[in-house]
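J.: Per UniProt numbering, the sequence shown starts with residue 1, numbered consecutively. Pasting in a structure now, in C-alpha coordinates, and then I'll have a few things to ask.
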Amino acid sequence: MIITLAQLQVQPAEEEAFLAAAKLLTSASQQEEGNVSYSLKKDIGQENTFTMVELWTGMDAVQRHNESDHFKAFVEKAPAFLGAPLSVQMFQGEELK
1 MIITLAQLQV
11 QPAEEEAFLA
21 AAKLLTSASQ
31 QEEGNVSYSL
41 KKDIGQENTF
51 TMVELWTGMD
61 AVQRHNESDH
71 FKAFVEKAPA
81 FLGAPLSVQM
91 FQGEELK
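Structure below.
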(Lines of atoms letter the chains of each structure in order from A; the text may use other names.)
(Lines give C-alpha, C1' and ligand atoms only; values in the text may rest on other atoms or scores of the structure.)
Protein backbone atom coordinates (compact mmCIF):
# COMPACT_ATOMS: atom_id res chain seq x y z
CA MET A 1 0.00 0.00 0.00
CA ILE A 2 1.19 3.52 -0.81
CA ILE A 3 0.40 6.27 1.68
CA THR A 4 0.65 9.89 0.57
CA LEU A 5 0.49 12.86 2.94
CA ALA A 6 0.24 16.23 1.20
CA GLN A 7 0.38 19.22 3.55
CA LEU A 8 -1.11 22.45 2.26
CA GLN A 9 -0.91 25.87 3.89
CA VAL A 10 -3.86 27.83 2.54
CA GLN A 11 -4.13 31.60 2.36
CA PRO A 12 -6.96 32.57 4.75
CA ALA A 13 -8.80 34.56 2.07
CA GLU A 14 -8.71 31.54 -0.26
CA GLU A 15 -9.94 28.87 2.17
CA GLU A 16 -13.49 28.72 0.79
CA ALA A 17 -12.29 28.36 -2.82
CA PHE A 18 -9.68 25.81 -1.72
CA LEU A 19 -12.27 23.70 0.09
CA ALA A 20 -14.57 23.72 -2.95
CA ALA A 21 -11.73 22.56 -5.22
CA ALA A 22 -10.55 19.99 -2.67
CA LYS A 23 -14.07 18.57 -2.39
CA LEU A 24 -14.17 17.97 -6.16
CA LEU A 25 -10.71 16.40 -6.10
CA THR A 26 -11.52 14.19 -3.13
CA SER A 27 -14.81 12.86 -4.46
CA ALA A 28 -13.37 12.09 -7.91
CA SER A 29 -10.23 10.50 -6.44
CA GLN A 30 -12.27 8.23 -4.17
CA GLN A 31 -13.84 6.71 -7.31
CA GLU A 32 -10.50 5.82 -8.91
CA GLU A 33 -9.40 2.24 -9.36
CA GLY A 34 -6.73 1.48 -6.78
CA ASN A 35 -7.86 4.10 -4.26
CA VAL A 36 -8.32 2.75 -0.75
CA SER A 37 -8.99 6.10 0.95
CA TYR A 38 -8.70 9.79 0.08
CA SER A 39 -9.53 12.48 2.63
CA LEU A 40 -8.74 16.03 3.66
CA LYS A 41 -7.94 16.81 7.31
CA LYS A 42 -7.67 20.22 8.96
CA ASP A 43 -4.75 20.68 11.37
CA ILE A 44 -6.06 22.02 14.68
CA GLY A 45 -2.55 22.98 15.78
CA GLN A 46 -1.63 25.12 12.77
CA GLU A 47 -3.98 27.70 11.31
CA ASN A 48 -4.91 27.36 7.65
CA THR A 49 -3.10 24.03 7.35
CA PHE A 50 -4.68 20.97 5.77
CA THR A 51 -3.41 17.48 4.96
CA MET A 52 -4.58 15.25 2.12
CA VAL A 53 -4.33 11.65 3.33
CA GLU A 54 -4.27 9.19 0.43
CA LEU A 55 -4.05 5.40 0.48
CA TRP A 56 -3.44 3.54 -2.78
CA THR A 57 -3.06 -0.14 -3.65
CA GLY A 58 0.23 0.52 -5.47
CA MET A 59 2.38 2.98 -7.42
CA ASP A 60 0.49 2.21 -10.64
CA ALA A 61 -2.68 3.61 -9.02
CA VAL A 62 -0.76 6.70 -7.84
CA GLN A 63 0.58 7.27 -11.35
CA ARG A 64 -2.91 6.99 -12.88
CA HIS A 65 -4.19 9.43 -10.27
CA ASN A 66 -1.42 11.93 -11.05
CA GLU A 67 -2.40 11.76 -14.73
CA SER A 68 -6.14 12.19 -14.09
CA ASP A 69 -7.98 15.28 -15.29
CA HIS A 70 -9.34 16.10 -11.83
CA PHE A 71 -5.85 15.95 -10.27
CA LYS A 72 -4.33 18.10 -13.01
CA ALA A 73 -7.16 20.64 -12.62
CA PHE A 74 -6.51 20.89 -8.87
CA VAL A 75 -2.74 21.25 -9.37
CA GLU A 76 -3.38 24.06 -11.86
CA LYS A 77 -5.53 25.96 -9.34
CA ALA A 78 -3.41 25.23 -6.25
CA PRO A 79 -0.91 28.13 -6.53
CA ALA A 80 -3.79 30.60 -6.08
CA PHE A 81 -4.77 28.92 -2.77
CA LEU A 82 -1.42 28.22 -1.18
CA GLY A 83 0.52 30.49 1.14
CA ALA A 84 3.58 28.20 1.19
CA PRO A 85 5.05 25.46 -1.00
CA LEU A 86 3.22 22.13 -0.96
CA SER A 87 4.88 19.45 1.18
CA VAL A 88 4.39 15.83 0.03
CA GLN A 89 5.56 12.66 1.78
CA MET A 90 5.04 9.14 0.44
CA PHE A 91 5.35 5.88 2.33
CA GLN A 92 5.05 2.22 1.51
CA GLY A 93 3.41 0.09 4.16
CA GLU A 94 0.78 -2.42 5.06
CA GLU A 95 -2.08 -2.48 7.51
CA LEU A 96 -1.29 -4.07 10.87
CA LYS A 97 -3.95 -6.50 12.04
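Idealized CB from N, CA, C, for every residue including glycine.
Shortest alpha-carbon distance to residue 64 belongs to which of 30, 23, 12?
T.: Residue 64 has its Cα closest to that of 30, out of 30, 23, 12.
J.: Less than 8 angstroms between C-beta atoms, sequence neighbours within five positions excluded: which residues of the same chain meet that for residue 92?
T.: Result list for residue 92: 1, 2, 3, in chain order.
J.: Roughly how many whole angstroms lie between the Cα atoms of residue 17 and residue 81?
T.: Roughly 8 angstroms between the two C-alpha positions.
J.: Give me the Cα-Cα distance between residue 144 and residue 33, rounded to the nearest whole angstrom.
T.: Nothing can be reported for residue 144: it is not among the residues displayed for the chain, which extend from 1 to 97.
J.: Would residue 66 be called buried (16 or more neighbouring beta carbons within 10 Å of its own) or exposed?
T.: It is exposed - the Cβ of residue 66 has fewer than 16 other Cβ atoms within 10 Å.
J.: Please name the residue, chosen from 8, 21, 40, 95, that lies closest to residue 72 on a Cα-to-Cα basis.
T.: When each option's Cα is compared against that of residue 72, the closest is 21.
J.: What three-state label does DSSP hand residue 35 in the structure shown?
T.: Residue state, collapsed to three classes: strand.
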